[in-house]
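Here the structure comes first, spelled out in structure tokens, and everything after it is commentary.
2 protein chains.
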Amino acid sequence: MKEIKVFAPASVANVSCAFDILGFALNDIGDVLTFRKTKEPGVKIIMKNEQQLSEDPEKNVAGVVALAMLTMAGVDFGVEMEIEKGVSPGSGMGSSASSAAGAAFGMNHLLGGVFSMQQLVKFSMIGESLASGVEHADNAAPSLMGGIILVRSLNPLDVISLPVPENLYVTLIHPDVEVQTKKARLLLKQTVPLSDAVIQWGNIAGLISGFYSNDYSLIGRSLEDVIIEPARALLIPLFEALKAAALSAGALGSGISGSGPSVFALSEGKETAEKVAKAFREIYEPSGIEFKIHVSTVNKNGTHLI
Amino acid sequence: MKEIKVFAPASVANVSCAFDILGFALNDIGDVLTFRKTKEPGVKIIMKNEQQLSEDPEKNVAGVVALAMLTMAGVDFGVEMEIEKGVSPGSGMGSSASSAAGAAFGMNHLLGGVFSMQQLVKFSMIGESLASGVEHADNAAPSLMGGIILVRSLNPLDVISLPVPENLYVTLIHPDVEVQTKKARLLLKQTVPLSDAVIQWGNIAGLISGFYSNDYSLIGRSLEDVIIEPARALLIPLFEALKAAALSAGALGSGISGSGPSVFALSEGKETAEKVAKAFREIYEPSGIEFKIHVSTVNKNGTHLI
Chain R
1 MKEIKVFAPA SVANVSCAFD ILGFALNDIG DVLTFRKTKE PGVKIIMKNE QQLSEDPEKN
61 VAGVVALAML TMAGVDFGVE MEIEKGVSPG SGMGSSASSA AGAAFGMNHL LGGVFSMQQL
121 VKFSMIGESL ASGVEHADNA APSLMGGIIL VRSLNPLDVI SLPVPENLYV TLIHPDVEVQ
181 TKKARLLLKQ TVPLSDAVIQ WGNIAGLISG FYSNDYSLIG RSLEDVIIEP ARALLIPLFE
241 ALKAAALSAG ALGSGISGSG PSVFALSEGK ETAEKVAKAF REIYEPSGIE FKIHVSTVNK
301 NGTHLI
Chain C
307 MKEIKVFAPA SVANVSCAFD ILGFALNDIG DVLTFRKTKE PGVKIIMKNE QQLSEDPEKN
367 VAGVVALAML TMAGVDFGVE MEIEKGVSPG SGMGSSASSA AGAAFGMNHL LGGVFSMQQL
427 VKFSMIGESL ASGVEHADNA APSLMGGIIL VRSLNPLDVI SLPVPENLYV TLIHPDVEVQ
487 TKKARLLLKQ TVPLSDAVIQ WGNIAGLISG FYSNDYSLIG RSLEDVIIEP ARALLIPLFE
547 ALKAAALSAG ALGSGISGSG PSVFALSEGK ETAEKVAKAF REIYEPSGIE FKIHVSTVNK
607 NGTHLI
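Protein chains in written order, with our numbering: chain R, 1 to 306; chain C, 307 to 612.
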């Protein structure tokens, strides 16, 4: 084996009402990591793009994951990781999770597959913790495993793969403004009214139910966030207009992807998802803010060799 | 039609983590309501047992439901309702909901079935509001509809029938101490830490997922309530001992039924549910407190004519 290459997809976490417990993987957008075994121990990182990300392995999301895995495996070799970022940092599409998931998956391959998927999610969380100051798995788990992933519990880690409705499409707009996860977390109140929590968990239960029962209307009715979105929406230019446009175009619902600034919408069918993309474009084009729009199914493959 | 008789089952609401949004109906235990049309308008109530419940229709749970339905239907006749309580008031098994559901179902029959199931749930909520001071549907909806019912939203009302795992059994102990729903609600803090809310909705999502996927282990892991149970457990003598005994006997999980004092456990299979019943008995017998124990599947029929 001279080298291996891994693709680790972007992901949408939180999914409106399901803050910190739900995420799904996207197609096409993702990081590509190339791994080469080295005789000298330790981790060497080469950033092919996104030069503002550190190449110091202890300050790099993929680096800390690789270091932890080398240490845990107790091997005498090292690794060189070349990272080509496809997911922009601070986009709200799980950029750090893609790098962490890619590192965990690729390293496991180099190490002969000694670690379980659950362990790979845990290793990825080391990277997430470096990036956001908080251990979470709602981007890393879907990026690794693909599909829609419920993180029922972090401690102990309990991740559950949910069914993906066959005709579910994602439209995503990434405005070129940076929202740091750390800062977005600081906006959140540390307590919530019990009455709002009850509304929120009713919606979460409805959303999970909708995924299992292929009930698009129920998915739509459940995509409402009364706790996190009201606090974070202010960070995203034209958020309310995007959301209204998505619903007018026929989307089931729309919300902040991760901690923003990307905004996602879910639709039944590609045609509606394309209409939502057009509606997003019409909102953003006059603003002068750069943006990218993606239409995607839910990626069922997760991180894989290429 | 001289008279009709209706059976309205008891129910378990809240179901650990799913405060105010989930409930399921029980077999065997329930209220029996007998309806007779009368020429004179209005509602006459005859309590066959439980004499402490008012026979004044405006102060009786079934009475306010029947009055509202007569008014809404705009008919010129009245009704005499004979109520035989099978669900003890203040037991935590949805006593007021059984009477409300029975009244709604029976009245709808008398009125020629003009109201939808959703409307019947709404009428039942008028009774629930009289009983507890709060409109809720997590007992009345399962009592009416049977099965496991998710109340995704109260406003607008959105109730969803969840799949019932084939081999799911309930063990329930009803200690003879009264807990009034109104008082149990006063014990709850009006705000919750966001971190606890996230743990709770992870468990709710896991529980719903477990019902759909027949994953008993996931149901068990999800039956944990970090918000309501810690506040209310103090009202129930020997609660922690019951819970520990249920788990030792092999139950998936255990928690407070409604606002207590009844305590339920869920098990995979009747044999385990019977073991849990035995374990409950061994905890309570030495206490000197009177109690009743029931073992039941989830009642899939709901309220029906007998």
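Heads up, the beta-carbon is just placed ideally off N, CA and C, and yes, glycines get one too.
- Closer than 8 Å to the CB of residue 597 (chain C) there is not a single CB belonging to chain R.
- Beta-bridge partners of residue 332 (chain C) (DSSP): C:604.
- Rounded to whole angstroms, the separation of the alpha carbons of residue 576 (chain C) and residue 603 (chain C) is 8 Å.
- By the neighbour-count definition (other C-beta atoms within 10 Å, threshold 16), residue 208 (chain R) is a buried residue.
- A distance below 7 Å between beta-carbons, with the five flanking residues on each side excluded, links residue 40 (chain R) to the following residues of its chain, in chain order: 78.
- With contact defined as three or more Cβ pairs closer than 8 Å, the stretch 314 to 326 of chain C and the stretch 561 to 570 of chain C are in contact.
- For a Cβ distance threshold of 7 Å, nothing in chain R lies close to residue 365 (chain C): the least Cβ distance comes to about 27 Å.
- Ranked by how close their Cα comes to the Cα of residue 472 (chain C), the residues C:516, C:485, C:595 and C:324 have C:516 in first place.
- Contacts with chain R (Cβ-Cβ distance below 9 Å) from the stretch 316 to 329 of chain C involve 323, 324, 325, 326, 327 and 328, listed in chain order.
- C-alpha of residue 440 (chain C) to C-alpha of residue 456 (chain C): approximately 18 Å in a straight line.
- Residue environment analysis places residue 334 (chain C) among the exposed positions, since fewer than 16 neighbouring C-beta atoms fall within 10 angstroms of its C-beta.
- Excluding the 5 residues flanking it on each side, residue 139 (chain R) has same chain C-beta neighbours closer than 6 Å at 11, 13, 23, 94 and 97, in chain order.
- Scanning the stretch 118 to 194 of chain R from its first residue to its last, the whole beta strand (DSSP E) runs of 3-plus residues come out as 148 to 154, 157 to 162, 168 to 175 and 191 to 193.
- Look at residue 41 (chain R) here: in three-state DSSP terms it is coil, with no helix or strand label.
- Interface criterion not met: the Cβ of residue 260 (chain R) is under 8 Å from no Cβ in chain C.
- Close to residue 153 (chain R), with beta-carbon spacing below 8 Å, are these residues of chain C in chain order: 505, 508, 509, 512 and 527.
- Taking C-alpha positions only, residue 390 (chain C) is separated from residue 359 (chain C) by approximately 11 Å.
- Of the other Cβ atoms in all chains shown, fewer than 16 fall within 10 Å of the Cβ of residue 287 (chain R); this residue is therefore exposed.
- For residue 315 (chain C), the enclosing beta strand (DSSP E) has its first and last residue at 310 to 319.
- Under the rule that a run must span 3 or more residues, the beta strand (DSSP E) segments found entirely inside the stretch 552 to 612 of chain C read 559 to 562, 569 to 574 and 597 to 603.
- Contact between residue 171 (chain R) and residue 280 (chain R) holds: their C-beta atoms lie close to 7 Å from each other, under 8 Å.
- In the structure shown, the three-state DSSP call for residue 111 (chain R) is coil.
- With a contact defined as Cβ atoms closer than 8 Å, residue 302 (chain R) and residue 145 (chain R) qualify at about 5 Å.
- With fewer than 16 other Cβ atoms inside 10 Å of its own Cβ, residue 51 (chain R) counts as exposed.
- Using beta-carbon distances, residue 118 (chain R) does not count as an interface residue toward chain C, since no partner is under 8 Å.
- Inter-residue distance for residue 70 (chain R) and residue 42 (chain R) is about 8 Å (C-alpha atoms, whole angstroms).
- Our two residues, residue 55 (chain R) and residue 31 (chain R), have alpha carbons roughly 16 Å apart in a direct line.
- Scanning its chain for C-beta atoms nearer than 6 Å, with the 5 sequence neighbours on each side dropped, one finds around residue 61 (chain R) the residues 96, 99, 100, 127, 130 and 131, in chain order.
- In the three-state DSSP reduction, residue 56 (chain R) falls in the coil class, being neither helix nor strand.
- At least one beta carbon of chain R lies nearer than 8 Å to the beta carbon of residue 499 (chain C).
- Taken through DSSP and simplified to helix, strand or coil, residue 50 (chain R) comes out as coil.
- The beta carbon of residue 351 (chain C) is closer than 6 Å to those of 361, 363, 366, 369 and 387 in its chain, skipping five residues each way along the sequence.
- Of C:417, C:461 and C:466, the smallest CA-CA separation from residue 431 (chain C) is found for C:461.
- If you ignore the 5 residues before and after residue 236 (chain R), its C-beta comes within less than 6 Å of the C-beta of 260 and 261, all in its own chain and listed in chain order.
- For residue 92 (chain R), the closest C-alpha among the options R:219, R:179, R:137 and R:183 is that of R:179.
- Looking at the backbone, the Cα of residue 137 (chain R) and that of residue 519 (chain C) are separated by about 22 Å.
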